[in-house]
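Add 37 to a position in the sequence shown, counting from 1, and you land on the number used in my numbering.
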Amino acid sequence: MSIYKMIENLDKEGQINNKLRESLLAVKDIGNDGAHINENEPDIEQALAIKELIDAVLHSTVVTDQRINFAREKHPNEFAKSENEE
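Next up, the structure:
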């Protein structure tokens with residue numbers, strides 16, 4: 038499965054929102070240009086942009102999930118959805 042298809046599946050399944058989808062697509066596009074010799078070789082500014090986009094995606098998904106789980110352990114809430122319900 039292509040990276041593009043994986044990103045589209047995450048979007049269709051509601052695992053990511055549109056901003057995360059666009060961030061992942063931008064990382065994919067700049068990364069492709071860096072991996073293949075062509076006229077669009079990324080410069081240092083684009084490399085830093087990729088790093089910031091990856092950081093944003095990780096923060097919005099993995100880090101946030103960890104913080105939510107930490108909060109739920111310390112402060113249970115019967116009205117909060119569990120990961121199995123989403």
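All residues carry an ideal CB built from backbone N, CA and C; glycine is no exception.
Where does residue 88 sit, in a helix, a strand or coil, going by DSSP? Residue 88 sits at position 51 when you count from the first residue of the sequence shown. If DSSP states are grouped into helix, strand and coil, residue 88 belongs with the helices.
Range covered by the alpha helix (DSSP H) that runs through residue 101: By 1-based counting over the sequence shown, the position of residue 101 is 64. Its alpha helix (DSSP H) spans residues 101-111.
Confirm, please, whether the CB-CB distance from residue 91 to residue 67 is below 7 Å. In the sequence shown, residue 67 corresponds to position 30, counting from 1. In the sequence shown, residue 91 corresponds to position 54, counting from 1. When the beta-carbon positions are compared, residue 67 and residue 91 stay at least 7 Å from each other.
Tell me the rounded alpha-carbon separation between residue 79 and residue 73. Along the sequence shown, read from residue 1 onward, the residue named residue 79 stands at position 42. Along the sequence shown, read from residue 1 onward, the residue named residue 73 stands at position 36. Rounded to the nearest whole angstrom, the C-alpha separation of residue 79 and residue 73 is 10 Å.
Pair within 7 Å by beta-carbon distance, residue 13 and residue 81: Because residue 13 is not part of the residues shown, which for the chain are 38 to 123, the question remains open.
Can you tell me whether residue 77 is helix, strand or coil according to DSSP? Numbered from its first residue, the sequence shown carries residue 77 at position 40. Three-state DSSP puts residue 77 in coil, outside helix and strand.
Sequence-distant residues of its chain with Cβ nearer than 6 Å to residue 71 (five each side left out): Position 34 of the sequence shown, counting from 1, holds the residue named residue 71. Once the five neighbours on either side are set aside, the close Cβ partners of residue 71 are 79.
Start-to-end residues for the alpha helix (DSSP H) that takes in residue 49: Here residue 49 corresponds to residue number 12 of the sequence shown, with the count starting at 1. Following the DSSP letters along the chain, one finds residue 49 inside the alpha helix (DSSP H) bounded by residues 40-49.
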